[in-house]
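Undergrad: Got a structure here, written out as structure tokens. Questions coming.
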Amino acid sequence: MTTQQQDGSWSEPGSQQDWQQHYPPYTEQQQQQPVHGDQQAYGDHQAYGYQQPYTGQPYIPQQPNPAQQRYTRPYTGGSDAEYYVPEYTVVEPEPEPEPGYVLPEVPVSAWAVDNSRSAWISRGALLLILLVQAGLSFRLDGSAFPQEAKFLVSDGALSGPVAQLGLAGARALSLAWALGATALLFGATRLLFNARAGLAAAAMYSVLESTAFTGRYASLHSLSLFLLAAALWLLARTRQSGPAAVLLAAPFAALAPFAAYSAALYLPTLTVLAVLTAYRFRGAGAFVRGALFAVATGALCFVGVLLHGTPSGWNVQSDDSAVELLKESAQWGGVVLLVAVIGAVGFIRRARMGEMPWAEGSAPGAVRRSLLGLTMCATALLAPLYQAWLGNGSSLYIHVGFGLLFAVPMAGLGVSRMMGAHFRYPQIGIMIYVAALVIGMAQTGGLYRPPDSAAMVGALREVVDTKGAYLTDDPEISAYYFRAQTKPAQWHRAGQGAALTAEVKKDSYDVIALRADSVPEALRGNADYRLLAVLRPSDKDGGQEPYRIWVKR
Amino acid sequence: MIRKSVLPLCAALMSLAAVAGCGVLGGDDPAAQAAKEPSAGSASKGPGAELPYDVKPLLHPGKEYFGVALDGAPSSLKPVDAFAKTVGKKPNLVGSYSSWGNGFNAVGAQNVFGDGGMLYVSWEPFKPGLDKIADGSQDAYIKKYADSVRKTDVPVAISFGHEMNGHWYPWGTKDTTPETFVKAWRHIHDVFQQVGATNVIWVWSPNVVNPVRSVKLEPYWPGDAYVDWVGIVGYWTRTGAHTFDTLYGPTRSQIDAFTDKPVLISETSSEPGERRRADVRALFAGVKEDKDVIGFLWFNIPKRADWRIQSSPLALAEFKRLIADDDFGFEVPRS
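In order, the protein sequence lines correspond to chains A and B.
Residue numbering for the first sequence follows this note's numbering, starting at 1 and increasing by one per position.
Residue numbering for the second sequence follows this note's numbering, starting at 1001 and increasing by one per position.
Pasting the structure below:
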């Protein structure tokens, strides 16, 4: 494997085998050094400073004493010589004292090389990144979103067991999947490029708005992302193995759309990546690898559809403004995509940064580099473009994260390239990370605003029973929180305007709970219903409308 | 090689463990707590305790309200305590008057509620006229008032523009039409609903029709959706009617034609004189016997006549004897 990696890795300052082979061996280097003094003193004893080996006494260099110098008396005029000839003897020069300190052997490269120390540094940095991600998710809190509540009362093959965990449990599980996805993303990027790019990619991904949101959202989106990340990692991991090894990734890729339908958009990307990641090692075999992956994934998806039907909701059209959706997507993922494009351009121009020119090794050709850069960057646009085309902005703030998962390796490479060889400009990396962090935090804070339903639930608790019919704007939330007291069928979704008026006139609902800033016309001065309470959200600046609850008089 | 391949797995496992630890801490969902909370009334804090006061149980109480209007109350409860000592029973409805433009007496409302009773406010729109109220130009004031009521979160009975069928107040028949009155009433009610001041009992309070027979009440009626109680203002005077039926009957028969809301004798007293003791007896008997009448509010302030019950020892003795009946007075429910 190591030899293969040396040949086949796209690593920038290659793996350690790369330089070890190209660099003059250590012994050679030592021989080139000038030899002076006692060779023994250079070894283990150099740390003893001026202490002479074996003497046990400190050695202090001395001026030659008078006994060692023989001078003639100075000229007094009594000599017969015409000129003064001094008498002297040439003294043998003292052997040079040992140097006090000798620079230790300098490795040809620092931590970016895959030795065990650098691997542990990477793991430590990744752990910090994951801790930050967990913190960013945990700062989001509140009652269930309507979609979460709907998920938590569902009983699908995948969703049922998760729903059993309740809101807190399902959210914690989501975070676990999200952290796992980040770790796998690091692994995949490290295999495709190098550990530095891997860490930068994980750091960029961990602070994204969609990452923090998904990690605190009781749904299967997070699982779906984890499955995609696992498939990506397996593609990278098996890039040098036989084409059949790619089949390992197929089940993960095939399962992802059944967790969240939006993952289906990324199966073509994975197929392309199956080819592109393998091409260097297997030649035409790479296409076999891609075909195998596509066929296996397709077959598994087909079986899944036969067993569980098509996931619903994937093609619901709506009338949201396409421009607005693209604008929002740009706000949520623009920074990462921009850095990814920079990374891709840099990658296309130059396969490696050239930190260790002697360890260049072989690198993919320009065409393959271009295709990889293009595939990864373009994938980030899939969900925004698709949903803009549908005009359906539903959960787009989550779906952008799916595409960014594939663009982020390039973004990691971009950060690594912008920081330059040997971390020449670390401030650029820090700047990008801080910008992404702040933007992500602000956006998540704005988006993660679940309805403040606690007071509403508390008020309804007094009036609901097992028989009543209830009209509400959030039937999912009530059905979830009152799953012990009521049946989901007792909760009906309130209409708007004329539909609401008709529903109110029917007079068949025992309680009407609406989220409305003002009293709807139908309920103003209504002789059948009495306003029980107006419950304002505890966060007054949150922009949420108060709950208004009417009961039968 | 193995080390490299297990790295992502290792990280995932570590994060899982970390999350499992944190998940326990972050596991409190306020809404789930609210759904499980034992029914309100227990002293538990938590989201359930933040629910606004529900006046429903106060609308048709099992016993009769015993109310009183006193000088100085409810800003201070001393007059109420003194009155309670005089008659031997603590009133559970304390009347007060609030001119349009004045703020809501939140402290008074809390004082009274803290003492087991409920504040009754006669809201008197002397200025700027009901048409101004109806057209929305007074909304800022109404909203402020309503918000103050809502924040007080104790039950309050509000009687807007009482004795609207008389000609003696600026909002009466002389200067205002019934349509404007109804429009203003509904508008105020709507603003209160908008603000969410649901802790109000709305009392529509005409004067007894006896002195103003020509004025029909129905045009002044805002509708069942806008009114909780019918209040009747009717004093026992030396020259007027002297039975419960003749004093309140004609008014009630008109009202019965358009609503069956509970009736409160919202302002009454008896003029000092020979008949006072009999008047007191008739009032108590009438209130107690009539199932639709939910109580009375005694005007115990000297104004034009000395309406204070303690000014007539014999009548006071009768008052004391009758009010001792367990049917009169009760503690207003705490939540």
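The C-beta atom is built at its ideal place from N, Cα and C for all residues, glycine as well.
Under 8 Å between beta-carbons, which chain B residues line up against Pro546 (chain A)? List them in chain order, please.
TA: Going along chain B in sequence order, the residues near Pro546 (chain A) (Cβ under 8 Å) are Gly1196.
Undergrad: Just to confirm, are Ala1140 (chain B) and Val457 (chain A) a CB contact at a threshold of 8 Å?
TA: Cβ atoms of Ala1140 (chain B) and Val457 (chain A): not closer than 8 Å.
Undergrad: Between Arg461 (chain A) and chain B, is the shortest Cβ-Cβ distance under 8 Å, so that the two count as touching?
TA: With 8 Å as the cut-off, Arg461 (chain A) counts as an interface residue toward chain B.
Undergrad: The alpha helix (DSSP H) spanning Ser174 (chain A) covers which residue range?
TA: Per DSSP, Ser174 (chain A) belongs to the alpha helix (DSSP H) from 166–192.
Undergrad: Report the option in A:Thr277, A:Ala250, A:Pro251 whose CA atom is closest to the CA atom of Arg239 (chain A).
TA: Among A:Thr277, A:Ala250, A:Pro251, the Cα nearest to that of Arg239 (chain A) belongs to A:Thr277.
Undergrad: So, is the C-beta of Ser481 (chain A) closer than 8 Å to a C-beta in chain B?
TA: Residue 481 (chain A) is actually Tyr in this sequence, not Ser. Yes, because at least one Cβ of chain B sits closer than 8 Å to the Cβ of Tyr481 (chain A).
Undergrad: Return the chain-ordered list of same chain residues with a C-beta closer than 8 Å to the C-beta of Leu1058 (chain B), the five sequence neighbours on each side being excluded.
TA: Here the set comprises Met1118, Pro1155, Ile1201, Val1332, Pro1333.
Undergrad: Please list, in chain order, the chain B residues whose beta carbon lies closer than 8 Å to that of Ala527 (chain A).
TA: Chain B residues near Ala527 (chain A): Gly1223, Asp1224, Ala1225.
Undergrad: Within this structure, are the beta carbons of Ile121 (chain A) and Thr182 (chain A) separated by less than 8 Å?
TA: Going by C-beta atoms, Ile121 (chain A) is not nearer than 8 Å to Thr182 (chain A).
Undergrad: For the region 259–332 of chain A, list the alpha helix (DSSP H) runs that are entirely contained and at least 4 residues long, ordered along the chain.
TA: Qualifying alpha helix (DSSP H) stretches, in chain order: 267–282, 285–308.
Undergrad: Assuming Ile1301 (chain B) and Leu1077 (chain B) form a contact by the criterion Cβ under 8 Å, report the distance between their Cβ atoms to the nearest whole angstrom.
TA: Not a contact, Cβ separation roughly 16 Å.
Undergrad: Going residue by residue through the region 1281–1319 of chain B, where are the continuous alpha helix (DSSP H) segments of at least 4 residues, counting only ones entirely within it?
TA: Entirely contained in the region 1281–1319 of chain B, not one alpha helix (DSSP H) run reaches 4 residues.
Undergrad: DSSP on Ala1157 (chain B), reduced to helix/strand/coil?
TA: Strand at Ala1157 (chain B).
Undergrad: Using a C-beta cutoff of 8 Å, does Gly458 (chain A) count as contacting chain B?
TA: It does; some Cβ of chain B falls within 8 Å.
Undergrad: When you check each C-beta in the region 1176–1192 of chain B against every C-beta of chain A, which residues fall closer than 7 Å?
TA: Within the region 1176–1192 of chain B, the residues whose Cβ lies closer than 7 Å to some Cβ of chain A are Arg1186, Asp1190, listed in chain order.
Undergrad: What's the call for Trp389 (chain A), buried or exposed, on a 16-neighbour Cβ count within 10 Å?
TA: Exposed, since its Cβ has fewer than 16 Cβ neighbours within 10 Å.
Undergrad: Would you mind reading off the limits of the alpha helix (DSSP H) that contains Arg1213 (chain B)?
TA: That residue, Arg1213 (chain B), is in no alpha helix (DSSP H); it is neither H nor E in DSSP.
Undergrad: Is the region 241–257 of chain A touching the region 161–174 of chain A in the sense that three or more CB pairs, one from each, lie closer than 8 Å?
TA: Touching, no, given that fewer than three Cβ pairs across the two stretches are closer than 8 Å.
Undergrad: Would you please verify whether the beta carbon of Asp1054 (chain B) is less than 8 Å from any beta carbon of chain A?
TA: Interface residue, yes.
Undergrad: Comparing the C-beta of Leu500 (chain A) with each C-beta of chain B, is any distance below 8 Å?
TA: False, the Cβ-Cβ gap to chain B never drops below 8 Å.
Undergrad: Would you mind sorting Gly401 (chain A) into buried or exposed? The rule is 16 or more other CB atoms within 10 Å of its CB.
TA: The residue is buried, with at least 16 neighbouring Cβ atoms inside 10 Å.
Undergrad: Shortest alpha-carbon distance to Gln1193 (chain B) belongs to which of A:Asn115, A:Val551, A:Phe151, A:Gly525?
TA: Looking at the Cα atoms, A:Gly525 is the closest of the given residues.
Undergrad: Between the C-alpha atoms of Gly198 (chain A) and Ala411 (chain A), what's the straight-line distance to the nearest angstrom?
TA: Straight-line Cα distance between these residues: approximately 10 Å.
Undergrad: Taking only beta-carbon positions, decide if Ser395 (chain A) is within less than 8 Å of chain B.
TA: Not an interface residue.
Undergrad: Could you pull out every residue in the same chain whose Cβ sits closer than 6 Å to the Cβ of Glu1271 (chain B), ignoring the five residues on either side in sequence?
TA: Thr1237, Arg1238, Ala1305.
Undergrad: Alpha carbon to alpha carbon, how far is Leu1247 (chain B) from Gly1234 (chain B)?
TA: If I take the Cα positions, the gap works out to 7 Å.
Undergrad: Which residues, in chain order, does the region 1086–1112 of chain B contribute to contact with chain A at a C-beta distance below 7 Å?
TA: Answer in chain order: no residues at all.
Undergrad: Ignoring anything shorter than 4 residues or poking outside the region 1053–1103 of chain B, list the alpha helix (DSSP H) runs there in chain order.
TA: For the region 1053–1103 of chain B, whole alpha helix (DSSP H) runs of length 4 or above, ordered along the chain, are 1056–1059, 1078–1087.
Undergrad: Verify the CB distance criterion: does Ser219 (chain A) have a CB-CB separation below 8 Å to chain B?
TA: Output row for Ser219 (chain A): interface = no.
Undergrad: Flag Leu405 (chain A) as yes if its beta-carbon sits less than 8 Å from any beta-carbon of chain B, otherwise no.
TA: Closer than 8 Å: no.
Undergrad: Can you give, in chain order, each stretch of the beta strand (DSSP E) that sits fully within the region 1212–1261 of chain B and has at least 3 residues?
TA: Those beta strand (DSSP E) runs which fall completely within the region 1212–1261 of chain B and span 3+ residues are 1229–1233.
Undergrad: Residues of the region 1146–1163 of chain B in Cβ contact with chain A at a cutoff of 7 Å, in chain order, please.
TA: Listed by position along the chain: nothing, the set is empty.
Undergrad: Under 8 Å between beta-carbons, which chain A residues line up against Leu1051 (chain B)? List them in chain order, please.
TA: Within chain A, the residues near Leu1051 (chain B) are Ala455, Gly458, Ala459, Glu462, Ala533, Leu535.
Undergrad: Would you mind sorting Glu476 (chain A) into buried or exposed? The rule is 16 or more other CB atoms within 10 Å of its CB.
TA: With 16 or more Cβ atoms within 10 Å of its Cβ, Glu476 (chain A) is classed as buried.
Undergrad: Against chain B, which members of the region 511–527 of chain A pass a CB distance test of less than 8 Å?
TA: Those residues of the region 511–527 of chain A that come within reach of chain B (Cβ to Cβ, closer than 8 Å) are Ser518, Val519, Arg524, Gly525, Asn526, Ala527.
Undergrad: Please list, in chain order, the chain B residues whose beta carbon lies closer than 7 Å to that of Leu223 (chain A).
TA: Result: empty, since nearest Cβ-Cβ is about 13 Å, beyond 7 Å.
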